[in-house]
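Protein sequence lines correspond, in order, to chains L and V.
So the first sequence is residues 1 to 799, counted in the numbering used here.
So the second sequence is residues 1001 to 1799, counted in the numbering used here.
Right, one structure below, let's go through it.
2 protein chains.
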Amino acid sequence: MGNTASSDIPLQATPLDNDELRAIDGWWRACNYLSVGMIFLIDNPLLREPLKPEHVKARLLGHWGASPALSFVWAHLNRLIRRDDLNMIFMAGPGHGAPGVLGPAWLEGTYSEVYPDKSEDAEGMQKFFKQFSFPGHIGSHVTPETPGSIHEGGELGYSLSHAYGAALDNPDLIVACVIGDGEAETGPLATAWHSNKFVNPVRDGTVLPILNLNGYKIANPTVLSRISHEELESLFVGYGYRPYFVEGDDHEAMHQKMAATLDAVAAEIRAIRERARSAGTVERPRWPMIVLRTPKGWSGPKEINGHKVEGSWRAHQVPFSDVRGNAANLAVLETWLRSYRPEELFDENGRLVPELRALAPRGPRRMSANPHANGGILRRELKLPDFRAYAVDVTQPGKILRENTRPLGEYLRDVMRCNMQTFRVFGPDETASNRLQAIYEVSKKVWMADLLPEDEDGGELARDGRVMEILSEHTLMGWLEGYLLTGRHGFFHTYEAFAHVVDSMFNQHAKWLDICKNHVPWRASVASQNILLSSTVWRQDHNGFSHQDPGFIDLVTNKSPSVTRVYLPPDANTLLVTADHCLRSTNCINVIVADKQKHLQFTTIDEAVVHCAKGIGVWRRACSDEGAEPDVVMACCGDVATQEALAATAILRERLPELKLRFVNVVDLFKMQPLTEHPHGSKPREFDSLFTVDKPVIFNFHGYPWLIHKLSYRFRNHDNMHVRGYKEKGNINTPLELAILNQVDRFNLVIDVLDRVPRLQGRTAHLREDMRNAIISNLNYAHTYGIDRAEITDWVWPE
Amino acid sequence: MGNTASSDIPLQATPLDNDELRAIDGWWRACNYLSVGMIFLIDNPLLREPLKPEHVKARLLGHWGASPALSFVWAHLNRLIRRDDLNMIFMAGPGHGAPGVLGPAWLEGTYSEVYPDKSEDAEGMQKFFKQFSFPGHIGSHVTPETPGSIHEGGELGYSLSHAYGAALDNPDLIVACVIGDGEAETGPLATAWHSNKFVNPVRDGTVLPILNLNGYKIANPTVLSRISHEELESLFVGYGYRPYFVEGDDHEAMHQKMAATLDAVAAEIRAIRERARSAGTVERPRWPMIVLRTPKGWSGPKEINGHKVEGSWRAHQVPFSDVRGNAANLAVLETWLRSYRPEELFDENGRLVPELRALAPRGPRRMSANPHANGGILRRELKLPDFRAYAVDVTQPGKILRENTRPLGEYLRDVMRCNMQTFRVFGPDETASNRLQAIYEVSKKVWMADLLPEDEDGGELARDGRVMEILSEHTLMGWLEGYLLTGRHGFFHTYEAFAHVVDSMFNQHAKWLDICKNHVPWRASVASQNILLSSTVWRQDHNGFSHQDPGFIDLVTNKSPSVTRVYLPPDANTLLVTADHCLRSTNCINVIVADKQKHLQFTTIDEAVVHCAKGIGVWRRACSDEGAEPDVVMACCGDVATQEALAATAILRERLPELKLRFVNVVDLFKMQPLTEHPHGSKPREFDSLFTVDKPVIFNFHGYPWLIHKLSYRFRNHDNMHVRGYKEKGNINTPLELAILNQVDRFNLVIDVLDRVPRLQGRTAHLREDMRNAIISNLNYAHTYGIDRAEITDWVWPE
């Protein structure tokens, strides 16, 4: 096999002349030398003296296997960038091959620019080597500390969706995305190939996927490296690409093949763009991609102790250990390092020689320094319309029903209108389901796959749409992350229960942001990731138990307080205020929980502004303590939880007018934590003044009740807090029935109050009985008619 | 387009004679009639009188769109099962089309067998209709209550991996798996197609994927329905299948095409099996699959109010509402229902007429009653070797270092050996990395993709291997679930941090088990799902921050206590005891957290048995309270946490011999919850007797510290509990450095004790200073040499 493409474009046999070939091979050898140095050396970086045991790290850590192919691609892309003045960034999917990315960044001078102590000389090189996989320093996969990268190489699966996210709305950008054949087995990667149906060649940039078949994972061959050429080619044709194959292990021959292929690919990308941008109509092109089959640990030791290493899973990590104590291994290492002929590559100070330096592009054209890979530099504030214009008119609280997310949709529509190149909305086939469809008035769903005549009738599809919908939360989240990290803004919405599909992506992005914000000063701030969880646990109707899970926010509270925010606005106006706040913020993950169904409206927009600014507050109109010390605090957080808590207070006011009750609503969940634990937390005195230090608190919560305990256990009155929430009691239920099963309903809340206010005990048997009867009669009604009594929403707010 | 296959096998044009055609169409019409009835009717089920508003449900819920194609496939498979006496089960990927699965189950009599009130008559049919999507009854997607199903249709993405899991080790079984084109966009589904590289045609059954391109999701077209025929065909050839296309909407023509295609497919499956089973060597066959392109909402209203419905996203759910109040809509519904000619289908009692009944298979051959779909019936106890034989010999606690998971690997090897048809191990390319490689002595990794000569040298691959490895946690978990739910046993292991990749699958399986165990009495108990989290947060070395996440168990504690178990054995012997217990259990998800690296060994196997049986206990040898009331309780949970807590007690014993300290270790995490909350919980008196009611407790925890608060907040001494754990402070660190950063290390724990025991305060400045110095000097050592001081593990257990 060799230098072939499924297209009929003839490839040049030897596009590189001898000088070019020597230079590109030299640059690659320099990369490989640095890679091996990073893994093994703590001293004698240029091998100016014979290698001794004390030059070798005490503990050998890192991944050699994926590294050489990464820098091979990098070197060849550099040639292209220089020749065609391309705007290109690099995505390293085989992320454990960090040496293959760090090396180029150092050779291009970028590393020394952002970390001056890793200077372009022997001393800097020594530090550069030592820091790798060394305690207190950088990891063995591509981490946020790596200039030129927006893609963490720890967890695998997201390189390709990140690449597509970066390409959106960047018409001149090419995102070269190297995908490992291990990563290619993950679900998120396997479906991300279909992203090509969502990029528009006129408006968006180009992703050039380069699948590196090095054949092995940690200890296994990879699936895609062990199927026939016919199947492999069919697969990528099936995914909608034109695959080019570059396969082999001879260095010189592979340089020629790669250069020829990249020449063809670059020409093809140029042609596709020109064709699309000059044509009146836009059709989905068949974008090129490359299958690069190279040995794992390419250019490393071929064999050790009779076992194959190059081209084997044995090359995955450190191919041999015990170097300090074993003279034979030390010799193998020295031979390996010297095989790259460092004396030809670096001058006497340890700097890359000028002929090789000339190979890299200059300034921001260097992939290690391209501003798109430090997107905060390019970020501009969103132009935001005044959210007040979208407010629900609430003349009397608790009287009108509105879908909470619908005004948000109108607001987002105009956010979109004002930011038609820097803002996108992402959701898994649920924009309309989540009542955000007003957005379509300004921009429809992008769709580059086939269109049918019937799409005209309400399909809301367009080649140049800016709403991203695919039934893959992974792909959407990956697109969004790529879009944000290259300096743009976005809004993701999904069903609450299925946010768990991307739990791990959330974790990784939170970790990425935390490191960038607190430990990588050269990274400019990026827009926050905004996540709306709608179609929540309390309104699942026919979907039932499998769709009931409010636990995503539990996950959020495990991550760094520096970057996590959770909001549960109780109505449409507080949701608007919250969304406006989130869209202005940077470097956070804002999770907003708000249901799409009709809910009672409680706050005017002015009240909403005040309430959201505080994040937590007393709702005076629902209180009966007249500012004095109450008998009981009724607290709540979340739309349905607030409605039921209010209804309970209404019952209590009518039936027990002498009861002094305080009503507290929480919008900003982290207000329930101490300020010492979270920047949005409460000071003890503030918390005590709301929740008292000794009175019973009934807390009606949207999510799992123990989350409130987890957050608030340090506060003085915690032991008196009685939290209600979802406790996995559900199936197909009416809204009230589901509330009753989980005891977050008005009737159970009244009983909770009766149980916990000492002076009421013994005097309330009648009310308690009425509550029990109300529960039974409402359940009976639901089971007979399949719906709740209509008037259940009538009696919520005290007159 | 039409009746084509990419193979050159000629298909019959009209395989069905007129009688067969009439019968199969009748059966399908009966299914569709039932589907529409379920969604709309609450009375008058057989339309024996004109349809009136009161016959229609007050709230219309359910998904019509996917249903007709599901029952179309079911009807055709029934013909095949009867003719060839096939052993077949049905997987409904487009899970919201429950009516298309419930209808067949009712027509086959199974539904009435398991739910006698849904009898095969008009009264039963009325109840059958009413219960659908009705409060307190069954959901609109395929739920555990559905006979014949092992696949919840709520969250999408797992049908195909479930199907493959069911087929493993069932050589005669065919799993027909209908995949929705919406679901096909998810990552988990997109990579599950590669499962064909892991089934062996000699030993395993066959999965027949049937991709139903109905064209639409909730509100969007689907990607796979909008690419060219060439791309679609290439994609499945690339995935390694032989695709057959059945496309159209004319009922009669489609019956003939489907029958002809299934005839060809059945013959092909038979031929593949015969070839493989008679040959000496086994190669991967190109299994057939079917692309079934039919209109969404097929056979339903073609148009409503001028909008296309059949073949459009408008058919996704209920195609029109307001039936009770709108006479025109009522008429549309009646016409639609009568278009199926129910009077021809059901006899005067409401039972399916005999000619149509004859179409379904009998007894356990019915897909709705196949025992593989109620796998607990088929489950046999595992034959388990005596775990004591694998124990580490611990003559003195805290003196020897062993990899905790290695003896487990030897134990699992022999579990495998004793259960070579009913037990499998699943892990993402990490069996050896997690030190479980002893298993390979008995059975290697199954690999049906290409083999190379070098695989002989340590590749551990075999065509008949029983260890399942692919770099997709989704696929592995799906296989395991399918394997368990069809009555077998398994063990899944993964990196702790990346267990979050399958958070949502865990949630769904926990919900499935909870419903089955507590609400579906006819479902027999299945083996528990055993999950080992290894490569834990505390031992990430060069992987660093992105690999540090102990939060999977937080997720577990949100799900039903009826099915959730979490164990953190501190050493190899407790891990063995725990694994043995888990492998014997049923209907649970057992999560075991145990690191793979070398750890100190504390318990003899006899002590481990006693300790694990209690789940929590005092370790006398580490105590200095001599059974009296202590000054402080040092508690711990998890391997590293235990080591550091023990080391702290050793320091305290030496430096403060007068301090009365109690040492408590927790193996069973739910012991930290009250018994009222979890069946493994503690009674208040038990808890108080361990933790006292008023003494300070320093709790050193493996995971996020607040999880302990979340579990234990109801206990009397909770306010005195001071929990240490991982708090997202990490990067590339030595083990001790990481512990220090998160304050779970011995030195910080000593300081915690000094801070909290009142009588010590003021008398311990020297010790406190020593601890601070120890922290600094150990960090300096790590940053200089890249490793911890060797002796850090020496001084742990008090002499």
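The beta carbon of each residue, even a glycine, is placed where N, CA and C say it ideally should be.
Nothing here was measured: the structure is a model prediction, and the numbers come from that model.
Within the region 1229–1242 of chain V, the residues whose Cβ lies closer than 8 Å to some Cβ of chain L are Glu1230, Glu1231, Leu1232, Glu1233, Ser1234, Leu1235, Phe1236, Val1237, Gly1238, Tyr1239, Gly1240, listed in chain order. Inclusion of Ile174 of chain L and Thr146 of chain L in the CB contact set at 7 Å is not warranted, their separation being larger than that value. Among the residues of chain L, those whose CB is under 8 Å from the CB of Leu1156 of chain V are Leu471, following chain order. Assignment of Val1392 of chain V by DSSP, reduced to helix, strand and coil, places it in the coil class. Among the residues of chain L, those whose CB is under 7 Å from the CB of Pro1188 of chain V are Gly187, following chain order. Around the beta carbon of Gly1095 of chain V, a 10 Å sphere encloses 16 or more other beta carbons of the protein chains shown; the residue is thus reported as buried. Straight across, the Cα-Cα distance linking Phe701 of chain L with Ala1648 of chain V is about 39 Å. Taking 7 Å as the cut-off, the beta carbon of Arg226 of chain L is found no closer than this to the beta carbon of Asp1770 of chain V.
Non-local beta-carbon contacts of Phe1663 of chain V in its own chain, meaning distances under 6 Å to residues more than five positions away in sequence, involve Trp1619, Ala1622, Cys1623, Met1634, Thr1649 in chain order. Asp1580 of chain V sits in a helix when the DSSP states are folded into three classes. Listed in chain order, the alpha helix (DSSP H) elements of length 4 or more contained wholly in the region 418–481 of chain L amount to none.
One Cα belongs to Thr692 of chain L, the other to Thr603 of chain L, and the distance between them is close to 25 Å.
Where Thr1191 of chain V is concerned, the enclosing alpha helix (DSSP H) starts and stops at 1187–1192. By the C-beta density criterion, Val1753 of chain V is buried, having at least 16 other C-beta atoms within 10 angstroms. Distance from Phe492 of chain L to Met477 of chain L at the Cβ level is roughly 7 Å; contact confirmed, criterion being Cβ atoms closer than 8 Å. Per DSSP, Pro1285 of chain V lies in no alpha helix (DSSP H) and is assigned neither H nor E. Using a Cβ distance threshold of 7 Å, Met88 of chain L and Ala163 of chain L do not count as a contacting pair. Within the same chain, and ignoring the five residues on either side of Ala1219 of chain V in sequence, the residues whose Cβ sits closer than 7 Å to its Cβ are Trp1313. Taking a beta-carbon distance threshold of 7 Å, Thr1564 of chain V does not count as an interface residue toward chain L. DSSP places Gln529 of chain L within a strand segment (E or B) once states are collapsed to three.
In this chain, the alpha helix (DSSP H) harbouring Thr642 of chain L covers 639–655. Taking a Cβ-Cβ threshold of 7 Å, none of the residues of chain L is close to Gln1529 of chain V; the smallest such distance is about 17 Å.
Taking a Cβ-Cβ threshold of 7 Å, the residues of chain L close to Gln1508 of chain V are Ser546, in chain order.
Contiguous beta strand (DSSP E) elements confined to the region 206–294 of chain L occur at 206–213, 242–247, 288–293, taking only those with 3 or more residues. Taking C-alpha positions only, Val1750 of chain V is separated from Gln1743 of chain V by approximately 10 Å.
Judged by DSSP secondary structure, Lys1598 of chain V falls within the beta strand (DSSP E) whose first and last residues are 1598–1600. With respect to Pro295 of chain L, Asp249 of chain L sits close: the two C-beta atoms are nearer than 7 Å. With fewer than 16 other beta carbons inside 10 angstroms of its own, Pro1521 of chain V counts as exposed. At least one CB atom of chain V sits nearer than 7 Å to the CB of Arg226 of chain L.
C-alpha of Phe1072 of chain V to C-alpha of Gly1026 of chain V: approximately 11 Å in a straight line. If you look at Ala163 of chain L, you'll find it in the alpha helix (DSSP H) that goes 159–167. DSSP, read as helix, strand or coil, puts Tyr785 of chain L in helix. Rounded to whole angstroms, Leu1532 of chain V and Ala462 of chain L show a C-alpha spacing of 47 Å. Under the rule that a run must span 4 or more residues, the alpha helix (DSSP H) segments found entirely inside the region 347–407 of chain L read 354–357. Against chain L, the beta carbon of Trp1706 of chain V has neighbours under 7 Å at Lys710, listed in chain order.
Residue-level contact check: Lys598 of chain L does not touch chain V, since none of the beta carbons of chain V fall below 7 Å from its beta carbon.
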